[in-house]
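Take 1 as the starting number for the sequence shown in UniProt numbering and just add one per residue. Heads up, the beta-carbon is just placed ideally off N, CA and C, and yes, glycines get one too. Taking it in order: structure first as structure tokens, then the write-up.
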Amino acid sequence: MHEQLRQDAEGAILFDPGVSPQVDGRWFDPGYWRERAALSVRGGGRGGVAVIATPAGECVLRHYRRGGMVARLLGDRYLWTGADSTRSFAEFRLLQAMYKLGLPVPQAVAARYQRRGLHYRADLITQRIPAAQTLAERVVERLLDAELAQEVGALVARFHRAGVCHADLNAHNVLVAPDALYLLDFDRGRMRAPEQGWRIANLQRLRRSLFKLGAAPDGEPAFDQQIWTPLLYGYERTLSA
1 MHEQLRQDAE
11 GAILFDPGVS
21 PQVDGRWFDP
31 GYWRERAALS
41 VRGGGRGGVA
51 VIATPAGECV
61 LRHYRRGGMV
71 ARLLGDRYLW
81 TGADSTRSFA
91 EFRLLQAMYK
101 LGLPVPQAVA
111 ARYQRRGLHY
121 RADLITQRIP
131 AAQTLAERVV
141 ERLLDAELAQ
151 EVGALVARFH
161 RAGVCHADLN
171 AHNVLVAPDA
181 LYLLDFDRGR
191 MRAPEQGWRI
201 ANLQRLRRSL
211 FKLGAAPDGE
221 PAFDQQIWTP
231 LLYGYERTLS
241 A
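Okay, here's the thing in structure tokens:
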């Protein structure tokens with residue numbers, strides 16, 4: 001796995017030439033793909049994501065957007081502190097590192113930033129995992145049981161064992177595919193030294209997400225028994241393996 005940098009007057013594109021050697025600025029323009037009948041827009045994340053049919057296969061194009069109160073002021077703009085610190089370049093490189101470790105993540109295709117003075121905007125393209133649902137969708141459809149919960153726990157443990165801290169671990173960022181489970185959206189994620197504190201915080205964030213989505217409609221005791229205890233069992237068994 002390698003990276004190649006392409007710069008222009010507006011910013012720069014970082015891409016993996018082994019995945020696609022032909023990435024340019026048009027790849028980050030939904031209109032370019034729409035004109036070629038190669039675009040579909042789906043929910044997920046802030047403002048949704050675009051699925052694009054590229055020469056490298058189906059990919060997901062995500063534009064970085066802020067959340068919360070600050071979004072009203074800055075929208076999709078971030079403070080410029082250098083190319084390597086941009087959200088898109090950092091996530092691209094983290095995805096590459098995790099993919100190299102054999103962790104189940106989408107393969108990074110390309111990342112871009114466009115700088116305007118003190119701010120920049122950013123985009124990321126990753127390969128799409130076919131025939132998959134988010135864990136949140138499984139919860140809503142009442143398809144989360146003890147067996148799947150145990151698999152989710154094992155998935156999280158694999159990342160924690162490798163020192164990967166997901167900044168927003170929730171049911172929308174766990175993908176359930178026919179062959180495996182995957183983690184998505186590593187914006188602000190990073191590699192950290194093994195430490196119980198951040199691992200527990202990750203798990204508690206996931207717990208709140210599952211409970212809020214109604215993973216066990218009969219209340220918290222049922223949730224702990226039916227979902228959370230199996231999830232922790234899968235987590236602890238994998239973490240200590």
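Is residue j closer than 8 Å to residue i when the C-beta atoms are compared?
| i | j | result |
| --- | --- | --- |
| residue 227 | residue 169 | no |
| residue 94 | residue 211 | no |
| residue 166 | residue 181 | no |
| residue 63 | residue 123 | yes |
| residue 158 | residue 206 | no |
| residue 139 | residue 235 | no |
| residue 75 | residue 66 | yes |
| residue 146 | residue 230 | yes |
| residue 78 | residue 32 | no |
Spatial neighbours of residue i within its chain, please: C-beta separation below 7 Å, excluding the five flanking residues on both sides.
| i | result |
| --- | --- |
| residue 232 | 153 |
| residue 98 | 105 and 164 |
| residue 51 | 40, 42, 58, 60 and 128 |
Name the DSSP bridge partner or partners of residue i?
| i | result |
| --- | --- |
| residue 57 | 54 |
| residue 110 | 15 and 125 |
| residue 190 | 165 |
| residue 238 | DSSP lists no partner for residue 238. |
| residue 181 | 176 |
Can you tell which of the options has its C-alpha closest to the C-alpha of residue i?
| i | options | result |
| --- | --- | --- |
| residue 293 | 134, 185 and 127 | Given a span of 1 to 241 for the chain in the structure shown, any question on residue 293 remains unanswerable. |
| residue 239 | 115, 132 and 161 | 161 |
| residue 114 | 187, 80, 181 and 57 | 80 |
| residue 164 | 148, 109 and 191 | 191 |
| residue 177 | 83, 195 and 151 | 151 |
| residue 84 | 129, 35, 3 and 61 | 3 |
| residue 16 | 89, 32, 132 and 117 | 89 |
| residue 224 | 149, 31, 141 and 120 | 149 |
Keeping to the same chain, check which residues put their C-beta closer than 8 Å to that of residue i; ignore five residues upstream and five downstream.
| i | result |
| --- | --- |
| residue 22 | 55 |
Is any heavy atom in the ligand FMN found nearer than 7 Å to the beta carbon of residue i?
| i | result |
| --- | --- |
| residue 196 | With respect to the ligand FMN, the structure offers nothing, as it holds no ligand at all. |
With a CB to CB cut of under 6 Å and the five nearest residues on each side skipped, what residues in its chain are close to residue i?
| i | result |
| --- | --- |
| residue 10 | 114 |
| residue 92 | 14, 108 and 111 |
| residue 188 | 167 |
> Is the stretch 171 to 179 touching the stretch 194 to 202, taking contact as three or more C-beta pairs under 8 Å?
Replying inline: With the cut-off at 8 Å, the stretch 171 to 179 and the stretch 194 to 202 do not touch.
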